[in-house]
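Student: In the working numbering, the protein residues as written are 58 to 233.
(1) Check the DSSP bridge columns for residue 127 and list the partner residues they point to.
(2) Could you tell me if residue 78 is buried or exposed, where buried requires 16 or more neighbouring beta carbons within 10 angstroms of its beta carbon?
(3) Alpha carbon to alpha carbon, how far is residue 65 from residue 92? Give it in angstroms, no decimals.
(4) Let me know the secondary structure DSSP gives residue 136 once reduced to three states.
(5) Does the Cβ of residue 198 have 16 or more other Cβ atoms within 10 Å, making it buried, or fewer, making it exposed?
(6) DSSP on residue 159, reduced to helix/strand/coil?
(7) Determine the extent of the alpha helix (DSSP H) in which residue 195 is found, giving its start and end residues.
(8) Please classify residue 78: does DSSP put it in a helix, a strand, or coil?
(9) Quick one: measure Cβ to Cβ for residue 84 and residue 97, integer angstroms, because I've assumed they're closer than 8 Å.
(10) Between residue 120 and residue 100, what straight-line distance do the alpha-carbon atoms span, to the nearest angstrom?
(11) Determine whether the beta carbon atoms of residue 127 and residue 90 lie at a separation below 8 Å.
(12) Our contact map puts residue 148 next to residue 168 with C-beta atoms below 8 Å; I'd like the distance itself, whole angstroms only.
(13) Would you mind giving the Cβ-Cβ distance between residue 67 and residue 82, rounded to the nearest angstrom? I have them listed as a contact below 8 Å.
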């Protein structure tokens with residue numbers, strides 16, 4: 058899954074190639090896969106494309122998992138460039154003021170005290186801690202049935218990525 062676009066500083070200045078064509082989120086350089094046509098995907102989004110259309114949304118070229126390589130192996134320079142993008146902490150809406158390169162964000166967030174801040178899902182009303190937002194967005198009981206109906210009852214990676222992309226709109230700070 059990609060990085061929350063709401064946390065990117067100066068997003069307007071970034072090249073479109075840094076974003077997954079399916080979920081439209083900034084790819085994590087250490088997790089991104091580069092297809093044979095050179096486009097970057099989040100792992101769940103690549104799996105979704107391979108299991109459905111098998112065509113790149115940008116250029117229509119055939120996309121397979123076998124022909125897709127980890128970005129850090131296929132284009133280390135691009136991975137390093139994406140890793141230097143300036144971002145906020147994923148928990149900045151809960152009060153964290155950390156800013157730094159994307160490559161350091163995961164390490165920061167794993168120990169960030171604001172990740173334990175309570176938030177309430179606006180769709181189902183369940184209170185969770187902030188660091189569980191992405192997981193909850195994929196499994197929210199109020200979102201999942203709608204996503205399954207839209208996909209003919211199939212649970213897909215794309216439904217999860219769409220829900221995760223909307224996650225900041227779905228959660229409010231908890232009552233603490």
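Don't be surprised by glycine CBs; every beta carbon is placed ideally from N, CA and C.
Tutor: This is what the structure gives:
(1) 90
(2) buried
(3) 24 Å
(4) helix
(5) exposed
(6) helix
(7) 190 to 196
(8) It is coil, neither helix nor strand.
(9) 5 Å
(10) Residue 120 and residue 100 have their C-alpha atoms some 12 Å from each other.
(11) yes
(12) Rounded, the Cβ-Cβ distance is 11 Å, inconsistent with contact.
(13) In fact, because the Cβ distance is near 16 Å, the residues do not count as touching under 8 Å.
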